[in-house]
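Below is one structure, written out as structure tokens; comments come after it.
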Amino acid sequence: MNKIWLIIQREFLNRVQKKSFLVATILVPLIFPAIIALLVFVSRESEKNAKKEVIHYIDESGIFVPDTAKYIFRNFSGTLEDAKKAYNSSEDFGLLYIPKFELSKPKGITLYAKINPSLDDVSDIERLFENRIKDLKMKNMNIDQKILDSLKTNVRINTVKISEGGQEKSSNSGVLFGIGMAAGILMYMFIFIYGAQIMQGIIEEKTSKVVEVIVSSVKPFQLMMGKIIGLASVGLLQFLIWIVLMSTLTFGVLGYFGIDPPQQQAMQQMGGDVAAQQAAMNSEVVQGINAFLSLPLGYILFNFVFYFLGGYLLYGALFAAVGSAVDSPAEAQQFMFPITIPMLISYMSLFMFILKDPHGPVSVWLSIIPFTSPIAMMGRVGFEVPDWQLALSMILLVAGFVLTTWVAGRIYRVGILMSGTKVNYKVLAKWFMQRG
Amino acid sequence: MDALVANGITKRYAHHTALDQVSVTIPEKTIYGLLGPNGAGKTTFIRIINQIINSDEGEILIFGEKLNQSHIGVIGYLPEERGLYKKLKVGEQLVYLARLKGLSRKDALMRIKTWLEKFEIKDWWNKKVEDLSKGMAQKVQFISTVLHEPRLIILDEPFSGFDPVNAQLITEEILDLKKKGSTIIFSTHRMESVEDLCDHIALINKSKKILEGSKKQVKDQYKSNTFIVEHRGRFSLNGGSYELLTQESLEGDLLTSTVKMKNAGNPNDLIRDLITLTEVHRFQEKIPTMSDIFISLVKGESHE
Numbered sequence: 012m013n014k015i016w017l018i019i020q021r022e023f024l025n026r027v028q029k030k031s032f033l034v035a036t037i038l039v040p041l042i043f044p045a046i047i048a049l050l051v052f053v054s055r056e057s058e059k060n061a062k063k064e065v066i067h068y069i070d071e072s073g074i075f076v077p078d079t080a081k082y083i084f085r086n087f088s089g090t091l092e093d094a095k096k097a098y099n100s101s102e103d104f105g106l107l108y109i110p111k112f113e114l115s116k117p118k119g120i121t122l123y124a125k126i127n128p129s130l131d132d133v134s135d136i137e138r139l140f141e142n143r144i145k146d147l148k149m150k151n152m153n154i155d156q157k158i159l160d161s162l163k164t165n166v167r168i169n170t171v172k173i174s175e176g177g178q179e180k181s182s183n184s185g186v187l188f189g190i191g192m193a194a195g196i197l198m199y200m201f202i203f204i205y206g207a208q209i210m211q212g213i214i215e216e217k218t219s220k221v222v223e224v225i226v227s228s229v230k231p232f233q234l235m236m237g238k239i240i241g242l243a244s245v246g247l248l249q250f251l252i253w254i255v256l257m258s259t260l261t262f263g264v265l266g267y268f269g270i271d272p273p274q275q276q277a278m279q280q281m282g283g284d285v286a287a288q289q290a291a292m293n294s295e296v297v298q299g300i301n302a303f304l305s306l307p308l309g310y311i312l313f314n315f316v317f318y319f320l321g322g323y324l325l326y327g328a329l330f331a332a333v334g335s336a337v338d339s340p341a342e343a344q345q346f347m348f349p350i351t352i353p354m355l356i357s358y359m360s361l362f363m364f365i366l367k368d369p370h371g372p373v374s375v376w377l378s379i380i381p382f383t384s385p386i387a388m389m390g391r392v393g394f395e396v397p398d399w400q401l402a403l404s405m406i407l408l409v410a411g412f413v414l415t416t417w418v419a420g421r422i423y424r425v426g427i428l429m430s431g432t433k434v435n436y437k438v439l440a441k442w443f444m445q446r447g
Numbered sequence: 346m347d348a349l350v351a352n353g354i355t356k357r358y359a360h361h362t363a364l365d366q367v368s369v370t371i372p373e374k375t376i377y378g379l380l381g382p383n384g385a386g387k388t389t390f391i392r393i394i395n396q397i398i399n400s401d402e403g404e405i406l407i408f409g410e411k412l413n414q415s416h417i418g419v420i421g422y423l424p425e426e427r428g429l430y431k432k433l434k435v436g437e438q439l440v441y442l443a444r445l446k447g448l449s450r451k452d453a454l455m456r457i458k459t460w461l462e463k464f465e466i467k468d469w470w471n472k473k474v475e476d477l478s479k480g481m482a483q484k485v486q487f488i489s490t491v492l493h494e495p496r497l498i499i500l501d502e503p504f505s506g507f508d509p510v511n512a513q514l515i516t517e518e519i520l521d522l523k524k525k526g527s528t529i530i531f532s533t534h535r536m537e538s539v540e541d542l543c544d545h546i547a548l549i550n551k552s553k554k555i556l557e558g559s560k561k562q563v564k565d566q567y568k569s570n571t572f573i574v575e576h577r578g579r580f581s582l583n584g585g586s587y588e589l590l591t592q593e594s595l596e597g598d599l600l601t602s603t604v605k606m607k608n609a610g611n612p613n614d615l616i617r618d619l620i621t622l623t624e625v626h627r628f629q630e631k632i633p634t635m636s637d638i639f640i641s642l643v644k645g646e647s648h649e
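Chain order of the listed sequences is A and B.
The first sequence maps to residues 12 to 447 in the numbering used here.
The second sequence maps to residues 346 to 649 in the numbering used here.
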């Protein structure tokens, strides 16, 4: 045990003392929000300043009312042939031809364009017609515009979750979605980055031949575990620093906007006239923040750390086995496939199933199977996972990493001493079976 | 007491046997040459002693005790394929390796200082290994091998990669370590260093031990009762109990001949007979070099 501890220390210090660690640890929490803010800013600005596209139109029906919010519509009086000629010589976006048609059967409306118009453009214009025809039809039914206007009501649904004890908690699906997504992506990145580092470290030891000296002092399994655990502690440290930095930053920003979160939270619980006050403030942002703060953050954090460690150990062992088998990172590619596939499946399912339907059968099973559970469960955990599912998933994850570690250890002990061998899956199987 | 006794060590892999019933006895405080061509099984044997791999059969006793984890601190191992952590500084590296062998940090620091001073490389402490030359790195590696004062030192091709000056330095260190009571196992296929250093040898070929003994025993076993004679005046010596193998002219009017005694007997008989035939200037028994023995044995095996 003492020797594993020495190896853990060594690996930890090796990584932490590197400049790249310091840079990544400090810059990532600053850069990510900055990049997101920048993207939002740029897209907003470009939306604001975007040059409106020009669409010429010929209206034979006489019902078209141009909406100039997104396009500049120019009426063309003349035949379609003339219009086409004129349009072809211009730089404009499109030519819209509206023939005479019956309101019940709108047919023959055509958009001519030099490039294929995007789905958005087409549906925007379609909606324009649909709304106009609806209005006209209603008018024909003698429904007044005023009545029409008074029919429009904006509804916002508050989602409140009632726990079995009867406690009410306001929940916010948007925030849960965001948390699930962020945690899932973070998990994916952590496992891959740190897994790759394990592999890299082992390949270095193998190619520099230092490994033979080391395994004459410690058992190969101790070396492998020391390395994996040492790197895990680096990952955890980095994660903790990120959490601290990001929350400091968040509270700093909140303070800047004059919002005092804990107080707000208390106010919300008081309800009543405070709600009115709240509405007066930038209500959506505040609600989002409150929803975030009312989440069981400690619970989510605990689960993140558990699944990070579990997933990392499970995949880390596999990365270690691959590292021990090859002589260079390029050679490792061929063995990365089976490691990458379950990771990719869980990553893609995160968006396709888990965040959309956290309690659906696919989501539940993915969050229980050990190879996919670290990412899948992080996507679900905010949405309150039944205890039995969480327990089963955790037990299976532990069993999973015990299994992969055992398999990896058997490959590793042989692999690290073999250099210059051509390795394929058959050879790995042989190493696995080989006696001490 | 014997430093190491191996009994019937066998190691099989799927398609070949790396070691087949190898037994050796390595007396304490000697330099023991483990010889054999590439691929004979030397490295497998050494790895088994270092508990890097396990043997399928047989047992090993280290100073009379069955091989176990506690022997890691007793053995110092310099593998043929040298290697250190490239990004790690020399000082940190040596401390780490020494602590893995069970030394305390304090002891490690003290001993490293002594060794660095001895090799006059004290200012390397903060240098990264990747900035050292190959020879320099070898010195550091040698220090790491002997730092924990192992009673049994295993050196696999220790001179490869050293220039003659450093090779001399290492030779002196090896002799010094022996004087201080260490036993040294010395695996090589470079016969000149065997001739200089080893007290005992074992020859492994094709997974089997084919020869073992003290250097003198081995040479006695393989001497062919052949004598080299320098003399003035040709002679012929046919029939009887002698056989004249060669006779060549040297500078001046001297000649050199090799004579084999068909039956092992007293060399004085030969001298007596020679004096009657020619004027003898030099008379010496032809003792086979380790290299001769090595080559004849290994070649003989491969012809079978």
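Quick reminder that beta carbons are idealized off the backbone N, C-alpha and C, glycines included.
Bear in mind the structure is a predicted one, so any value in this text is a computation, not a measurement.
What do you reckon, are the CB atoms on residue i and residue j nearer than 8 Å?
{"i": "Lys96 of chain A", "j": "Glu71 of chain A", "result": "no"}
{"i": "Thr571 of chain B", "j": "Leu590 of chain B", "result": "yes"}
{"i": "Lys551 of chain B", "j": "Ala385 of chain B", "result": "yes"}
{"i": "Ile420 of chain B", "j": "Asn383 of chain B", "result": "no"}
{"i": "Ile405 of chain B", "j": "Ile457 of chain B", "result": "no"}
{"i": "Tyr199 of chain A", "j": "Met354 of chain A", "result": "yes"}
{"i": "Gly191 of chain A", "j": "Met389 of chain A", "result": "yes"}
{"i": "Leu17 of chain A", "j": "Arg444 of chain B", "result": "yes"}
{"i": "Val229 of chain A", "j": "Lys437 of chain A", "result": "no"}
{"i": "Met257 of chain A", "j": "Pro40 of chain A", "result": "yes"}
Can you say whether residue i is buried or exposed, counting buried as having 16 or more other CB atoms within 10 angstroms of its CB?
{"i": "Thr533 of chain B", "result": "buried"}
{"i": "His67 of chain A", "result": "buried"}
{"i": "Val222 of chain A", "result": "buried"}
{"i": "Met359 of chain A", "result": "exposed"}
{"i": "Tyr358 of chain B", "result": "exposed"}
{"i": "Ile214 of chain A", "result": "buried"}
{"i": "Ala332 of chain A", "result": "buried"}
{"i": "Gly283 of chain A", "result": "At Gly283 of chain A the pLDDT is 45, less than 50, meaning the model places this residue with poor confidence; the figure from the coordinates comes in the next sentence. So Gly283 of chain A ends up on the exposed side."}
{"i": "Gln275 of chain A", "result": "Residue placement at Gln275 of chain A cannot be trusted, given a pLDDT of 46 that sits under 50; what the coordinates show is reported in the next sentence. With 16 or more other Cβ atoms within 10 Å, it is buried."}
{"i": "Met635 of chain B", "result": "buried"}
{"i": "Ala410 of chain A", "result": "exposed"}
{"i": "Asp501 of chain B", "result": "buried"}
{"i": "Phe201 of chain A", "result": "buried"}
{"i": "Val448 of chain A", "result": "Residue 448 of chain A lies beyond the residue range present for chain A, which begins at 12 and ends at 447; the question has no answer from this structure."}
Can you pull the DSSP bridge partners for residue i?
{"i": "Asn372 of chain B", "result": "Strictly speaking, residue 372 of chain B in this sequence is Pro, with Asn absent from that position. Paired residue(s): B:Asp347."}
{"i": "Phe84 of chain A", "result": "A:Ile66"}
{"i": "Lys441 of chain A", "result": "The partner list for Lys441 of chain A (beta bridge, DSSP) is empty, contrary to what the question assumes."}
{"i": "Arg577 of chain B", "result": "B:Leu599, B:Glu624"}
{"i": "Leu234 of chain A", "result": "DSSP output for Leu234 of chain A lists no bridge partner at all."}
{"i": "Gly558 of chain B", "result": "B:Ile546"}
{"i": "Gln592 of chain B", "result": "B:Ser602"}
{"i": "Val367 of chain B", "result": "B:Ile354"}
{"i": "Glu410 of chain B", "result": "B:Ile407"}
Which residues mark the beginning and the end of the beta strand (DSSP E) in which residue i is found?
{"i": "Met606 of chain B", "result": "599-606"}
{"i": "Thr634 of chain B", "result": "Unbroken run through Thr634 of chain B: none, as it is neither H nor E."}
{"i": "Gln28 of chain A", "result": "First-last for Gln28 of chain A: undefined, no H or E at that position."}
{"i": "Asp541 of chain B", "result": "Careful: Asp541 of chain B lies outside any beta strand (DSSP E), inside the alpha helix (DSSP H) at 536-542."}
{"i": "Ser532 of chain B", "result": "528-533"}
{"i": "Thr121 of chain A", "result": "121-124"}
{"i": "Tyr430 of chain B", "result": "First-last for Tyr430 of chain B: undefined, no H or E at that position."}
{"i": "Ile457 of chain B", "result": "Taken as a continuous stretch (DSSP letters only), Ile457 of chain B belongs to no beta strand (DSSP E), being part of the alpha helix (DSSP H) at 450-463."}
What is the C-beta distance between residue i and residue j, in whole angstroms, given that I count them as a contact (C-beta under 8 Å)?
{"i": "Ile376 of chain B", "j": "Leu542 of chain B", "result": "5 Å"}
{"i": "Phe531 of chain B", "j": "Gly378 of chain B", "result": "5 Å"}
{"i": "Ser586 of chain B", "j": "Asn608 of chain B", "result": "6 Å"}
{"i": "Ile69 of chain A", "j": "Ile109 of chain A", "result": "7 Å"}
{"i": "Val65 of chain A", "j": "Asp103 of chain A", "result": "4 Å"}
{"i": "Tyr423 of chain A", "j": "Pro231 of chain A", "result": "6 Å"}
Starting from residue i, follow the alpha helix (DSSP H) in both directions and report where the run begins and ends.
{"i": "Leu408 of chain A", "result": "398-426"}
{"i": "Tyr323 of chain A", "result": "308-336"}
{"i": "Ile549 of chain B", "result": "First-last for Ile549 of chain B: 545-550, but that is the beta strand (DSSP E), not the alpha helix (DSSP H)."}
{"i": "Thr90 of chain A", "result": "Run containing Thr90 of chain A: none; DSSP gives neither H nor E here."}
{"i": "Tyr199 of chain A", "result": "184-218"}
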